[in-house]
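These notes concern the structure reproduced below.
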Amino acid sequence: MKRRIPQELWFVIGGLVLFGALFVAEKTLNRYLLHILILMGIYSIATVSLNLTNGYTGLFSLGHAAFMAIGAYTSTLLTFPVPLREAYDLPRLPWFLGGPDAAWSFFPALLAGGVLASCAALLIGAPVLRLRGHYLSVASLGFMVIVVTFAKTLKGITRGPMGISAIPLYTNVYWTFLWLFITMYVVWRIVNSRFGRALMALREDETAAQVLGIYPMKYKLFAFVVGAFFAGVAGGLYAHLTKAIRPFEFSFTLTFQIVVMLIVGCMGTMSGPVVGAVLLLALRYALKPLEEHLKLYGLIELIYALLLIVVMLWKPEGLVGRKRVSVRGHQERKEEGEWARFSTPR
Amino acid sequence: MSECILKVENLWKNFGGLMAVSGYSLELPRGAIYGLIGPNGAGKTTVFNLISGVLKPSRGRIVFKGRDITHLRPDEITALGLTRTFQNLRLFPSLTVEENLKVAAHVHARCGFFSTLFCAPSFFREEKAIERKAREMLERFGLYEFRKEIAANLPYGLQRKLDIARALMTGPELVLLDEPSAGMNTKEADDLARLVAELQRDFHLTMIIVEHRMSFVMGLAEVIQVLDYGSVIAVGTPEEIRQNPKVIEAYLGTGDLVA
Ligand SMILES: Nc1ncnc2c1ncn2[C@@H]1O[C@H](COP(=O)(O)OP(=O)(O)OP(=O)(O)O)[C@@H](O)[C@H]1O
Ligand SMILES: [Mg+2]
Chain A
0 MKRRIPQELW FVIGGLVLFG ALFVAEKTLN RYLLHILILM GIYSIATVSL NLTNGYTGLF
60 SLGHAAFMAI GAYTSTLLTF PVPLREAYDL PRLPWFLGGP DAAWSFFPAL LAGGVLASCA
120 ALLIGAPVLR LRGHYLSVAS LGFMVIVVTF AKTLKGITRG PMGISAIPLY TNVYWTFLWL
180 FITMYVVWRI VNSRFGRALM ALREDETAAQ VLGIYPMKYK LFAFVVGAFF AGVAGGLYAH
240 LTKAIRPFEF SFTLTFQIVV MLIVGCMGTM SGPVVGAVLL LALRYALKPL EEHLKLYGLI
300 ELIYALLLIV VMLWKPEGLV GRKRVSVRGH QERKEEGEWA RFSTPR
Chain B
0 MSECILKVEN LWKNFGGLMA VSGYSLELPR GAIYGLIGPN GAGKTTVFNL ISGVLKPSRG
60 RIVFKGRDIT HLRPDEITAL GLTRTFQNLR LFPSLTVEEN LKVAAHVHAR CGFFSTLFCA
120 PSFFREEKAI ERKAREMLER FGLYEFRKEI AANLPYGLQR KLDIARALMT GPELVLLDEP
180 SAGMNTKEAD DLARLVAELQ RDFHLTMIIV EHRMSFVMGL AEVIQVLDYG SVIAVGTPEE
240 IRQNPKVIEA YLGTGDLVA
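Respectively, the protein sequence lines represent chains A and B.
Sequence positions in the first sequence follow numbering that gives the first Met the number 0 and run 0 to 345.
Sequence positions in the second sequence follow numbering that gives the first Met the number 0 and run 0 to 258.
Here it is as structure tokens:
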């Protein structure tokens with residue numbers, strides 16, 4: 000008799016295989032390829048966590064890059080070596096963060112970055128998540144602009160537009176994929192519980208969900224805050240990989256990239272966001288020599304945009320997505336639902 | 000007469016200049032089935048929207064089980080044991096039939112985020128209980144074989160049933176059914192009427208049913224209210240209503256009042 004292997008076991012097996020593969024990769028790949036691999040992991044964390052709001056809950060947030068910025072700056076500032084702070088014009092830590100002679104180690108700094116990003120999400124979520132559809136997207140984009148502007152202008156803390164360099168290199172494949180594993184685990188647990196069902200119900204029909212006992216604001220905030228936490232962690236990992244961060248890196252281009260990755264991969268599935276992130280980064284680095292050879296800088300963004308349009312036209316459910324329901328029919332229903340709020344429910 | 004489970008006092012609702020509900024009142028005894036009928040646009044759905052908290056009344060008071068619920072949110076009202084179905088079916092279209100039901104078990108789920116995250120035993124116990132309850136509901140509504148089906152792909156009649164099943168998953172005491180037999184053929188409607196009567200008995204439900212199909216509502220309801228232009232123009236047993244000249248006039252020309 001064939002027994003189905005429970006999902007839980009798959010997760011453990013998957014984790015073991017993953018770390019075995021990482022070990023091999025770390026021993027065999029050159030530094031450039033390893034760098035790309037780590038980036039794939041970091042972008043995957045970003046897209047998997049973005050999927051929680053944009054995919055499962057149907058809140059199309061464009062503010063994810065802002066949470067990454069918060070995480071990146073937080074962990075950078077916490078871990079920056081004390082002897083270098085003077086030279087780099089960076090403030091020392093206040094007493095409640097360990098005092099002027101302290102620098103945090105990597106793991107707690109990442110956590111702090113995630114927590115701070117979550118706090119920001121909690122703060123802006125209350126007003127922003129009240130909005131619907133496009134309004135929510137635009138408002139969250141506005142939040143991204145605000146955070147980037149702060150990063151540019153708070154020179155005493157962030158060194159302004161020129162950014163911070165000489166950040167200690169802490170991020171490696173193990174850290175990155177450990178975090179990716181944790182992110183996917185958390186999202187998987189959420190999706191397969193009443194929390195995930197509540198999120199999906201809100202995505203499908205908010206009024207019906209509410210009449211069945213789900214308080215929309217609570218669960219929207221929940222998705223937003225959890226997503227922001229992992230975005231913050233991804234930001235921290237990114238800072239400690241590239242060793243230099245500048246405000247504009249967390250702006251429109253990054254926002255666009257992770258959104259494209261998510262849509263191309265498939266929103267609202269476990270594997271979709273990872274597939275999207277890996278595929279698009281692979282494409283980026285495969286095309287990089289061409290871009291440099293032709294001196295056509297921006298070629299890759301152009302291709303991302305084209306890919307996005309092609310996927311939206313021909314496979315709107317994303318590359319790994321199965322068609323569950325005709326997307327067009329679904330949208331008509333949605334609009335009808337939205338419209339009904341303002342006019343007759345007939 | 001037994002205890003009054005729902006009391007609506009002088010409810011008003013206007014949309015801009017349009018008075019959709021004007022001075023609606025109701026005293027609903029526990030365990031009863033009441034009918035709410037009236038021509039198109041009379042304000043029946045609006046009354047349901049007000050009672051279930053989806054819309055806020057301009058004036059008036061709603062008391063459920065002795066508690067003023069006028070200013071509560073819909074989810075709070077549901078948690079107290081009052082829920083509804085929708086005239087224009089609001090299933091979760093891309094979730095499966097089973098998932099649609101499980102969503103509705105949310106009200107009584109107590110398992111917190113961290114027990115969920117770390118797969119605590121309480122999580123599995125609760126999931127099992129929800130599954131069992133969903134299965135019971137699926138079987139009762141003849142939906143069991145469709146449980147893995149996407150809700151949007153279900154035949155229309157079954158979608159209507161799913162909507163009712165989903166409402167019952169919240170464990171209500173009072174259910175508002177908005178045109179449950181709409182779009183069904185006569186046989187389906189008759190079956191549904193039987194099922195509704197059964198459910199009412201087995202789950203000790205109190206119900207208000209909005210219907211255009213007179214045979215359906217006259218067969219089930221013990222008391223019927225007739226709404227026209229937002230106010231109640233007649234109340235009585237199905238027999239009284241059928242003979243009430245005001246009602247006949249309100250329906251005049253619509254040909255709806257053929258039982
Ligand atoms: N959200 C709303 N905004 C504006 N007008 C509304 C709204 N909801 C209902 N109305 C209006 O209020 C009146 C009553 O509508 P309602 O849907 O309650 O009627 P009904 O009795 O349910 O009709 P039907 O039998 O066709 O379902 C209608 O004229 C309708 O156009
Ligand atoms: Mg109606």
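By construction, the Cβ of each residue, glycine as well, lies at the ideal position given by its N, Cα and C atoms.
Predicted, not measured: the structure shown is a model, and the values here were computed from it.
- Secondary structure at W103/A: coil, using DSSP grouped into helix, strand and coil.
- For E8/B, the three-state secondary structure derived from DSSP is strand.
- Here P179/B carries a coil assignment [DSSP, helix/strand/coil].
- Around the Cβ of H292/A, a 10 Å sphere holds fewer than 16 other Cβ atoms; the residue is exposed.
- With a cutoff of 7 angstroms, K151/A does not count as near ligand 2, since its C-beta is closer than that to no heavy atom of the ligand.
- Using a Cβ-Cβ cut-off of 8 angstroms, Q209/A counts as an interface residue toward chain B, since at least one Cβ of chain B sits closer than that to its own.
- For V7/B, the closest of N39/B, A19/B, R58/B and T44/B by C-alpha to C-alpha distance is R58/B.
- Close CB contacts of L109/A within its chain, under the 6 angstroms cut and outside five residues either way in sequence, are with S74, V232 and G235 (chain order).
- The three-state reading of DSSP puts C265/A in coil, since its state is none of H, G, I, E or B.
- In the structure shown, G22/B adopts extended strand secondary structure according to DSSP, grouped into three states.
- The Cβ atoms of T77/B and L211/A sit closer than 8 angstroms to each other.
- For V20/B, no CB of chain A lies under 8 angstroms from its own CB, so it is not counted at the interface with that chain.
- Taking the C-beta atoms as reference points, R159/B is found nearer than 8 angstroms to M183/B.
- Proximity of P92/B to chain A, defined by a Cβ-Cβ separation below 8 angstroms, is satisfied.
- In the DSSP annotation of this structure, S43/A is not part of any beta strand (DSSP E); the continuous alpha helix (DSSP H) holding it starts and ends at R30 to N50.
- Annotation: Cβ neighbours of A108/B in chain A (cutoff 7 angstroms, chain order): R193.
- Burial check for R193/B: the Cβ neighbour count within 10 Å stays below 16, so the residue is exposed.
- Within the same chain, and ignoring the five residues on either side of L49/A in sequence, the residues whose Cβ sits closer than 8 angstroms to its Cβ are S60, H63, G226, A230, I257, V258, L261 and P272.
- For the set Y296/A, V186/A and M311/A, the Cα lying nearest the Cα of T268/A is the one of V186/A.
- In the structure shown, C118/B falls within a coil segment according to DSSP collapsed to helix, strand and coil.
- In the DSSP assignment, the residues bridged to Q224/B are L35/B and V234/B.
- Of all residues in the stretch 71–82 of chain B, those with a C-beta nearer than 7 angstroms to a C-beta of chain A are R72, P73, D74, T77, A78 and T82, reading in chain order.
- Closest in alpha carbon position to A164/B, among E26/B, E221/B and V102/B, is V102/B.
- With a cut-off of 7 angstroms, the C-beta of D177/B is classified as near ligand 2, since at least one heavy atom of the ligand falls inside that distance.
- L204/B is positioned such that its CB atom lies no closer than 8 angstroms to that of F47/B.
- Distances between the C-beta of V209/B and the heavy atoms of ligand 2 include at least one below 7 angstroms.
- G40/B has its Cβ nearer than 7 angstroms to a heavy atom of ligand 1.
- Within chain B, the residues placing a beta-carbon under 9 angstroms from that of M199/A are F91, S93, L94, E98 and V102, ordered along the chain.
- Between P215/A and G155/A, the C-beta gap is not smaller than 8 angstroms, which leaves the two residues out of contact.
- Contact between the stretch 128–148 of chain B and the stretch 84–100 of chain B is present, with at least three C-beta pairs closer than 8 angstroms.
- Residue ranges of uninterrupted beta strand (DSSP E) with 3 or more members, entirely inside the stretch 80–105 of chain B and ordered along the chain, are 81–83.
- The C-alpha of C118/B lies about 43 angstroms from the C-alpha of V209/B.
- As a beta-bridge residue in DSSP terms, F63/B pairs with L5/B and R66/B.
- The DSSP-derived three-state label of P246/A is helix.
- Neighbourhood of S51/B in chain A, by CB distance below 7 angstroms: V210, in chain order.
- Ligand 2 approaches K43/B closely enough that one of its heavy atoms is under 7 angstroms from the residue's Cβ.
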